[in-house]
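Count the sequence shown with UniProt numbering and you get residues 1 to 783, in order.
As structure tokens, the structure follows; a few thoughts come after it.
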Amino acid sequence: MSVEHLLHAMVEKLKSEPVLEVGRLLGIGSLLQDLQTHFRMIHWRISRIDESAVLMINVNNEQYLQLLQRLWSLTLDTDDALNRISRHLRKKGGIFSFHQVCSSPIFRRFHFRRVNKIREAVASLKNCYAQTYRIRLPAKHTDIQEAMSCQRTCGKPEGVLGRERELDDVLRMMQTDDSTPGLSILPITGMAGIGKTTLAQLVFWHPWVVDTFGDDRIWVSVPREFNTMVILSRIAQVLTTQQCSTSDSPEEEMIEQEDSVKLKYLVKEKLSGQRFFIVLDDAWDQDRKKWQELMEVLDSAGKPGSKMIVTSRIPDVVTLTKSLKPYTLQCLLPAHSSSLLTQWMQNPAELPPRLIPIRKMIAETCAGVPSLLLSASNKLKSIRKTQVAWQHVLSRFDLVFYADRLLLDAAYVSYQHLPPSIQQCFLYCSLLLVHSFTPEQLTDMFVADELIKLISSKSDMHLYFSKIMTEHFYGVVQKSRHRGNTVYKMHPGMQLLAQRISRGFHLAIDARKEIIWPSCDARCLSLLVDCETSKLPPELFELESLRTLILLRDENMLLSENKCAITDIPAEFCQRLIALRVLHMQSCRIKRIPRLIDMLQNLTYINLSHNDIEIVPDSVSNLRFLTHLNLSQNEIIELPESVGKMQSLQMLDLSHCEKLLGLHEAISNLVNLHTLNLEGCHYLAVLPKGMKNLRSLTCLNILECPLLTQMPRQMNQLTSIKILPRYIAAETPKHTISELRPLVYLKELGVQNMENSSSADARNVIIGQASPALAGPVQRLQL
Numbered sequence: 001m002s003v004e005h006l007l008h009a010m011v012e013k014l015k016s017e018p019v020l021e022v023g024r025l026l027g028i029g030s031l032l033q034d035l036q037t038h039f040r041m042i043h044w045r046i047s048r049i050d051e052s053a054v055l056m057i058n059v060n061n062e063q064y065l066q067l068l069q070r071l072w073s074l075t076l077d078t079d080d081a082l083n084r085i086s087r088h089l090r091k092k093g094g095i096f097s098f099h100q101v102c103s104s105p106i107f108r109r110f111h112f113r114r115v116n117k118i119r120e121a122v123a124s125l126k127n128c129y130a131q132t133y134r135i136r137l138p139a140k141h142t143d144i145q146e147a148m149s150c151q152r153t154c155g156k157p158e159g160v161l162g163r164e165r166e167l168d169d170v171l172r173m174m175q176t177d178d179s180t181p182g183l184s185i186l187p188i189t190g191m192a193g194i195g196k197t198t199l200a201q202l203v204f205w206h207p208w209v210v211d212t213f214g215d216d217r218i219w220v221s222v223p224r225e226f227n228t229m230v231i232l233s234r235i236a237q238v239l240t241t242q243q244c245s246t247s248d249s250p251e252e253e254m255i256e257q258e259d260s261v262k263l264k265y266l267v268k269e270k271l272s273g274q275r276f277f278i279v280l281d282d283a284w285d286q287d288r289k290k291w292q293e294l295m296e297v298l299d300s301a302g303k304p305g306s307k308m309i310v311t312s313r314i315p316d317v318v319t320l321t322k323s324l325k326p327y328t329l330q331c332l333l334p335a336h337s338s339s340l341l342t343q344w345m346q347n348p349a350e351l352p353p354r355l356i357p358i359r360k361m362i363a364e365t366c367a368g369v370p371s372l373l374l375s376a377s378n379k380l381k382s383i384r385k386t387q388v389a390w391q392h393v394l395s396r397f398d399l400v401f402y403a404d405r406l407l408l409d410a411a412y413v414s415y416q417h418l419p420p421s422i423q424q425c426f427l428y429c430s431l432l433l434v435h436s437f438t439p440e441q442l443t444d445m446f447v448a449d450e451l452i453k454l455i456s457s458k459s460d461m462h463l464y465f466s467k468i469m470t471e472h473f474y475g476v477v478q479k480s481r482h483r484g485n486t487v488y489k490m491h492p493g494m495q496l497l498a499q500r501i502s503r504g505f506h507l508a509i510d511a512r513k514e515i516i517w518p519s520c521d522a523r524c525l526s527l528l529v530d531c532e533t534s535k536l537p538p539e540l541f542e543l544e545s546l547r548t549l550i551l552l553r554d555e556n557m558l559l560s561e562n563k564c565a566i567t568d569i570p571a572e573f574c575q576r577l578i579a580l581r582v583l584h585m586q587s588c589r590i591k592r593i594p595r596l597i598d599m600l601q602n603l604t605y606i607n608l609s610h611n612d613i614e615i616v617p618d619s620v621s622n623l624r625f626l627t628h629l630n631l632s633q634n635e636i637i638e639l640p641e642s643v644g645k646m647q648s649l650q651m652l653d654l655s656h657c658e659k660l661l662g663l664h665e666a667i668s669n670l671v672n673l674h675t676l677n678l679e680g681c682h683y684l685a686v687l688p689k690g691m692k693n694l695r696s697l698t699c700l701n702i703l704e705c706p707l708l709t710q711m712p713r714q715m716n717q718l719t720s721i722k723i724l725p726r727y728i729a730a731e732t733p734k735h736t737i738s739e740l741r742p743l744v745y746l747k748e749l750g751v752q753n754m755e756n757s758s759s760a761d762a763r764n765v766i767i768g769q770a771s772p773a774l775a776g777p778v779q780r781l782q783l
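What follows is the structure, given as structure tokens:
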């Protein structure tokens, strides 16, 4: 989320009923109103800044960066202060018990500190607001693409290097579909800078296309704000002048309403009886009505065999029309990347042999994205051919990206297109240099971080993260042994853009290299580690405002299931990083959770899966706000009884803890538990008798638990259950599969020992006629 949207989110939060209620109870309503006013004023000023210009700031313009960093930090600190007040009230028994505790000395001291914190925030906002008038802020453009559109041409590309197969694929698809009646539409999709426009140009100038369509080839750069009449106007210009026009001048785009009918008629008349080829380059709008209006004109004109290519970064933008399956352009192969970088350099034959390995590494850094390769080649042409100079380009590739205004703007358009809620998800994804997370896992971490959000539901966030991964990540390799375990990397340009926008608050650091650590303002941090990483870097403990820590395994670890060499979480970690909310340290060699873990009182998400943990201390139960606890693939024999006190816990994953002998009855006290995953617990022989009390449980997974031979009684009390992949049918007549009838939300059911059920019970499950509850909702049934 940009500073502008972060400020907007804070204004909305201060207007929300829970915050207003806190203000009334604490007698600070006027102070919170003052805080809201100043946030709104500063938001109004910042919203008029051209952020794309701010992204270009260099070391000589630090005032911009300092102001935005201060505002970002101030907003998050204020959010943290409000959350602490709310949590303190809940800890004391809830808002309605407030009057019972407000007289205590401890609460008075807490109240005094929080009020002072808010007053300091108001004073700082006043200072920032005044500073916005002292700094000359660039005015915001209405549309970045309009400034770029003059750069778009339908000129003939120089070559086909690295895209020969793609060109053949597109031509074959066009030729195969040649007999289709009406207009045949082929979408070309892909990430920013991947070469969609270049591929379309290669098709546009291919001899087969030139011979087939002749002068009836039309190239249109689609305006960012999709306007059917503007597009038809540009087509009409080409048809009446017989030359490729890409003009975006406002004068030519002013189409009067009364002229729209004439314009449609003109285009139809000119295309009537012709077989034409149109390229709509860089489409963004997903408005179905606008596309239908355009298609009604073009589809009714021309002869069978007419073709249209639509290029877009958004996979869904052209599925709204009658089209072929989108052709998604992938990154260049490493060999083609290196060759292309060499080709674009002046006098590549004169390159000293000592620079060839560096050139290869620079090409690898560009990750097969042609626009980055072009920017890198321009940079290399402008500097001396020395190892020191080229190594500097390699080590500070971010400076190459930020110095290229066209490249930065092209990437920023993708970010600007996202709604504010997805922008925040996008910045969170920038932590993931390399990953194999699912959208669901990202959602859980994102929610647990508790940054100010504009999102209403988890299902929305699943869609948002799926969208981001589709548009801005690319798969590196997939392991066939594990379903869905694909290794992803983020588009390097988008990664650098996200780092720039977040101003150092979202950081992705390669811990395998010697690095200069950032300022203490970082809030979300990922560390890329390998098998040789044996300890957490000491600089980490200086980041006392850190809210999220994610250890990322490099590609080799992801593909081999190896672990890094970190064996413990030091005491200093728990003593210093007290603001931490998300702790994700998967695939280490940690043997025990530290007893001081309860010093991290703000933790809401812990993932210590695939470690060597044997002991879980009682102190874990003191983490009052913990909602997600993933201890899967560890050496745990038992959980302490005190785990039953964790009333906020929603997800407990103990899957593949192959030494786990049982669960304490106290587990039944986790009334807010949604997911209990026990898959692969080979020595687990019995479930707690009080399982019926887990009324919030939606998923219970006991697959691959061979010693578990019966279900606890009264499973029909689990009325929220949706996923039950293994239900063990019993022989006793009082404990039959019929008890599942009240489970009206059940979507996935697997039944073991079906032979123990009566014919009527079996018929109820298989046919569902005698069990209406199962007949409707169940979507997956395994017997």
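Heads up, the beta-carbon is just placed ideally off N, CA and C, and yes, glycines get one too.
Distance between V620 and I569, taken at the CA atoms: about 14 Å.
Taking the C-beta atoms as reference points, T311 is found nearer than 7 Å to A200. Taking a cut-off of 8 Å on C-beta distances, the region 284-304 touches the region 265-275, as three or more cross pairs fall below it.
In the assembly as shown, K563 is a buried residue. Its beta-carbon has 16 or more other beta-carbons within 10 Å. For the beta strand (DSSP E) assignment, the uninterrupted runs of no fewer than 3 residues enclosed by the UniProt domain "Disease resistance R13L4/SHOC-2-like LRR" (530-657) are, from N- to C-terminal side, 548-553, 582-584, 605-607, 628-630 and 651-653.
H43 is a Cβ neighbour of V11, given a cutoff of 7 Å. For D285, no beta strand (DSSP E) run applies, since DSSP gives it neither H nor E. Among the bridge pairs identified by DSSP, G475 is matched with Y488. Judged by DSSP secondary structure, K270 falls within the alpha helix (DSSP H) whose first and last residues are S260 to L271.
Annotation for H682: no beta strand (DSSP E) segment contains it, and DSSP assigns it neither H nor E. Nearest to M599 by C-alpha distance, out of E748, K489 and N622, is N622. In the structure shown, the three-state DSSP call for V369 is coil. Runs of the alpha helix (DSSP H) lying entirely within the region 392-432, each at least 4 residues long, are 397-403, 405-417 and 420-429 in chain order. For N701, the closest of L603, C681 and N716 by C-alpha to C-alpha distance is C681. A Cβ-Cβ distance of about 6 Å is found for the pair H628 and A448, placing them in contact under the 8 Å criterion. Counting along the chain, M715 sits inside no alpha helix (DSSP H), nor does DSSP assign it H or E at all. Each residue's CA atom was taken as its position, placing H435 and T443 some 14 Å apart. A distance of 7 Å or more separates the beta carbons of P688 and E658. When secondary structure is reduced to three states using DSSP, R217 falls in the strand class.
Taking each of Q650, S655 and R581 in turn and checking the Cα distance to V671, the smallest one comes out for Q650. DSSP places P353 within a helical segment (H, G or I) once states are collapsed to three.
Put simply, the region 422-432 does not touch the region 205-217. Fewer than three CB pairs are less than 8 Å apart. With a 10 Å radius around the Cβ and a threshold of 16 neighbouring Cβ atoms, L333 comes out exposed. Taking the Cα of E679 as reference, the smallest distance to any Cα among T719, N634 and S642 is reached at N634. Beta-bridge partners of E731 (DSSP): none assigned. Ranked by Cα distance from R354, the first of L373, Q387 and K379 is Q387. Assigned with DSSP and collapsed to three states, C699 falls in strand.
Bounds of the alpha helix (DSSP H) holding G23 are E17 to L26. In the same chain as H5, and ignoring 5 residues on each side of it, the C-beta atoms closer than 8 Å to its own belong to P420, Q423, Q424 and L454, in chain order. Only exposed fits G214, as fewer than 16 other CB atoms lie within 10 angstroms of its CB. Each residue's CA atom was taken as its position, placing R114 and A123 some 14 Å apart. Between L239 and V261, the alpha-carbon positions lie close to 17 Å from each other.
DSSP, read as helix, strand or coil, puts T386 in coil. Note: M308 is bridge-paired with I185 and I278 in the DSSP secondary-structure output.
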